[in-house]
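**Q** Please see the structure below; I have some questions.
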Amino acid sequence: MDKTKTAKPTSIGTFCVAIARLIESYGIDARKMFTQAGLDIDLAGQSGARVPIDKIAVIWTAAVKETDNSALGLEISKFIEPTSYYSLSISVWASNNLLEALERFVRFVSVVTDGIELVLEEFDEYIELQVINHTPERAFEGLDACLSTILGTCREVSNPNFSPINVEMERPTPKDADKFTTFFRAPVNFGAERSSMRFRTIDLKRKLPHANEDLAKHNDNMSISYLAERSKHCWGTKVYVALLQLLPEGAVSERYVAEKLGVGKENLRRYLRKEATNYRQILNDTRKQLAIHYLHQKQLPLTEVSYLLGFSDSSNFSRAFKQWTGLTPGEYRRH
Numbered sequence: 001m002d003k004t005k006t007a008k009p010t011s012i013g014t015f016c017v018a019i020a021r022l023i024e025s026y027g028i029d030a031r032k033m034f035t036q037a038g039l040d041i042d043l044a045g046q047s048g049a050r051v052p053i054d055k056i057a058v059i060w061t062a063a064v065k066e067t068d069n070s071a072l073g074l075e076i077s078k079f080i081e082p083t084s085y086y087s088l089s090i091s092v093w094a095s096n097n098l099l100e101a102l103e104r105f106v107r108f109v110s111v112v113t114d115g116i117e118l119v120l121e122e123f124d125e126y127i128e129l130q131v132i133n134h135t136p137e138r139a140f141e142g143l144d145a146c147l148s149t150i151l152g153t154c155r156e157v158s159n160p161n162f163s164p165i166n167v168e169m170e171r172p173t174p175k176d177a178d179k180f181t182t183f184f185r186a187p188v189n190f191g192a193e194r195s196s197m198r199f200r201t202i203d204l205k206r207k208l209p210h211a212n213e214d215l216a217k218h219n220d221n222m223s224i225s226y227l228a229e230r231s232k233h234c235w236g237t238k239v240y241v242a243l244l245q246l247l248p249e250g251a252v253s254e255r256y257v258a259e260k261l262g263v264g265k266e267n268l269r270r271y272l273r274k275e276a277t278n279y280r281q282i283l284n285d286t287r288k289q290l291a292i293h294y295l296h297q298k299q300l301p302l303t304e305v306s307y308l309l310g311f312s313d314s315s316n317f318s319r320a321f322k323q324w325t326g327l328t329p330g331e332y333r334r335h
């Protein structure tokens, strides 16, 4: 869905705590650096705290200058705890495989930050995770940290030697380019259109030792509740969260979603237009995202997937899915 926001984008406060610990590992006074940037590290560490991304960008710039390390953002993964991202962290750890873990990052990235969007694209033998930046700030360390966190988490839940096939990065070639190759253990191309990592499909589909589907789904619901609470002032996100909750119940009309959100249909349309989106776009994006997630769960028959997405029958689902991906659901699942 379109992640355009009217408010300043933020990141979860626990991410700032990890940055502070990283800075302190260099013997630098992180508290002083945060204060100079207009941030209170104690407030950032409180439960539910959110921090403006523009101020985090100031911290990154100062920290890179102080440490003289252009690859500093890659080191953040060492300071991320299993509970740093609340329910999202736990559902990722409980995923059946790394593909499901990445899909959860894509669906619930707003739990961590609303400054980026994650997109998964599946090809014949590899899957690409793209990071789309929605912030005007050009602190590349933030994007470095995003890739580092995701890859670090994948290594922790699967295999410490897990690596992508190759990596694309928006940033210009840094002074410490060799550190990037060492961290990713893969070729890194700088100056790309967007940051991304490509993984072998076979690597992402291996069963994980900590898989627990019930625990993962329970924490998915907690993430949905968290996003619902945060979406009070963003109608696009409100509709997205409502659809996540309502689609498994059957077909969902625009009027029904508007009623659930406590507004009239015309008012909802007006609110969404102000955010440069509309109900049909959000519905299609949400269905596509969920369809890909469900199709990777091979125990789910296609008829049940169709039902969970609110389609009246499998043929309607099949036609819609082919428009989205160029493949029928059966073809996609076989691939």
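My numbering puts the first residue of the sequence shown at 1, with every later residue one more than the last.
Yeah, the Cβ is synthetic: ideal placement off N, Cα and C, and Gly gets one too.
In angstroms, rounded to a whole number, what distance separates the CA positions of Asn221 and Pro174?
**A** 40 angstroms
**Q** Excluding the five sequence neighbours on either side, which residues of its own chain have a C-beta within less than 7 angstroms of the C-beta of Gly38, listed in chain order?
**A** Lys55
**Q** With a cut-off of 8 angstroms, do at least 3 Cβ pairs link the region 176 to 185 to the region 66 to 80?
**A** yes
**Q** Would you call Asp29 buried or exposed, if buried means 16 or more other Cβ atoms sit within 10 Å of its Cβ?
**A** exposed
**Q** Grouping DSSP H, G and I as helix and E and B as strand, with all else coil, what is Tyr85?
**A** coil
**Q** Would the beta-carbon of Thr10 fall within 9 angstroms of that of Val51?
**A** yes
**Q** Rounded C-beta distance between Glu117 and Ile132? I'm assuming under 8 angstroms.
**A** Glu117 to Ile132, Cβ: 4 angstroms. Contact.
**Q** Could you work out which residue in Asp144, Leu300 and Gln130 is closest to Glu193 when comparing CA atoms only?
**A** Gln130
**Q** Could you tell me which of Ile59, Gly13, Asn166 and Asp114 sits nearest to Asp42, measuring between CA atoms?
**A** Gly13
**Q** So what does DSSP say about Glu193, is it helix, strand or coil?
**A** coil
**Q** Any idea if Asp214 is buried or exposed, counting beta-carbon neighbours within 10 angstroms, 16 or more meaning buried?
**A** Exposed: under 16 other Cβ atoms inside 10 Å.
**Q** I want to know whether the region 150 to 165 touches the region 202 to 214 - three or more CB-CB distances under 8 angstroms.
**A** yes
**Q** Contact defined as beta carbons within less than 8 angstroms: I believe Gly152 pairs with Ser77. What is the distance between those atoms, to the nearest angstrom?
**A** 3 angstroms
**Q** Suppose you measure from the CA of Met1 to the CA of Arg280; what does that come to, to the nearest Å?
**A** Here Met1 scores only 45 on pLDDT, less than 50, and its place in the model should not be relied on; the value that follows carries that caveat. Going by the C-alpha atoms only, they are around 10 angstroms apart.
**Q** Just list the beta strand (DSSP E) runs in the region 200 to 259, keeping only unbroken ones of 3 residues or longer that don't cross its boundaries, in chain order.
**A** none
**Q** Should Ser315 go down as buried or exposed, given a rule of 16 or more other Cβ atoms within 10 Å for buried?
**A** exposed
**Q** Once the 5 residues before and after Pro187 are set aside, which same chain residues still bring their CB inside 6 angstroms of it?
**A** Asn166
**Q** Hey, is the region 239 to 246 in contact with the region 193 to 207, meaning 3+ C-beta pairs nearer than 8 angstroms?
**A** no
**Q** Mapping DSSP to helix, strand and coil, what is Tyr26?
**A** Per DSSP, reduced to three states, the secondary structure at Tyr26 is coil, with no helix or strand assignment.
**Q** Terminal residues of the continuous alpha helix (DSSP H) containing Thr325?
**A** Counted as a single uninterrupted DSSP element, the alpha helix (DSSP H) harbouring Thr325 occupies residues Ser314 to Thr325.
**Q** Could you work out which residue in Gly27, Thr61 and Pro329 is closest to Thr303 when comparing CA atoms only?
**A** Pro329
**Q** Just curious, the beta strand (DSSP E) that Ser11 is in, first and last residue?
**A** Counting along the chain, the beta strand (DSSP E) containing Ser11 begins and ends at Thr10 to Ile12.
**Q** Can you tell me the Cβ-Cβ gap for Phe79 and Ile59, rounded? I've got them flagged as a contact below 8 angstroms.
**A** That belief does not hold up - the Cβ atoms of Phe79 and Ile59 are roughly 14 angstroms apart, past 8 angstroms.
**Q** Taking its Cβ as the centre, do 16 or more other Cβ atoms sit within 10 Å of Gln323, making it buried, or is it exposed?
**A** exposed
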